[in-house]
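What follows is a short report on a single structure.
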Amino acid sequence: MEAPAGVRDLGDGNPDPALLPSLGPALAAASDAYARRPGMYGDDPVVPELAELVRAGLDSDGVPSGPVALASGSLDAIERV
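At position 5 of the sequence shown (counting the first as 1) the number is 26 in this note's numbering, and the numbers step up by one without a gap.
Set out below in structure tokens:
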């Protein structure tokens, strides 16, 4: 089904690849960090610095205090509830 004139079709859910940033530098930095200290069972499930940053953002939005959890997308989060 074609979208009517003047309407943008977002049905495929994919971004324009030309608008995405280059991931090479970020992936190289992540690889270097993992090589120095690999994640192991028993480690904190959320990097403490990231949890603090997220909590500060939630606090500024008035979200009640509580633990922070990260998920690999909305479906992963819904399955964990």
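No residue lacks a Cβ here, since even glycine has one placed at the ideal position from N, Cα and C.
Under 8 Å, with one C-beta from each stretch per pair, do the region 49-63 and the region 24-39 reach the 3-pair mark?
no
With a Cβ-Cβ cutoff of 9 Å, do Asp65 and Ala72 count as a contact?
In the sequence shown, counting from the first residue as 1, residue 65 sits at position 44. In the sequence shown, counting from the first residue as 1, residue 72 sits at position 51. Cβ distance < 9 Å, so Asp65 and Ala72 count as in contact.
Reducing DSSP to helix, strand and coil, say where Val75 ends up.
Looking up residue 75 in the sequence shown gives position 54. Here Val75 sits in helix by DSSP.
So, Val89 versus Arg76, is the Cβ gap smaller than 9 Å?
Counting from 1 along the sequence shown, the entry for residue 89 is found at position 68. Counting from 1 along the sequence shown, the entry for residue 76 is found at position 55. It is a contact, given that the beta carbons lie within the stated cut-off.
Assuming contact is defined by CB atoms lying nearer than 9 Å, are Leu91 and Val67 in contact in what I supplied?
By 1-based counting over the sequence shown, the position of residue 91 is 70. By 1-based counting over the sequence shown, the position of residue 67 is 46. Yes, they are a contact pair.
How would you write the range of the alpha helix (DSSP H) that Glu100 sits in, first residue to last?
Locating residue 100 in the sequence shown gives position 79, where the first residue counts as 1. First-last of the alpha helix (DSSP H) with Glu100: 95-101.
Which of the three DSSP states is assigned to Tyr55 in this structure?
For the purposes of this step, residue 55 is taken as residue 34 along the sequence shown, with counting starting at 1. Three-state result, Tyr55: helix.
Do you know offhand how far Asp53's Cα is from Gly87's?
Your numbering for residue 53 matches position 32 in the sequence shown. Your numbering for residue 87 matches position 66 in the sequence shown. The alpha-carbon atoms of Asp53 and Gly87 are separated by roughly 32 Å.
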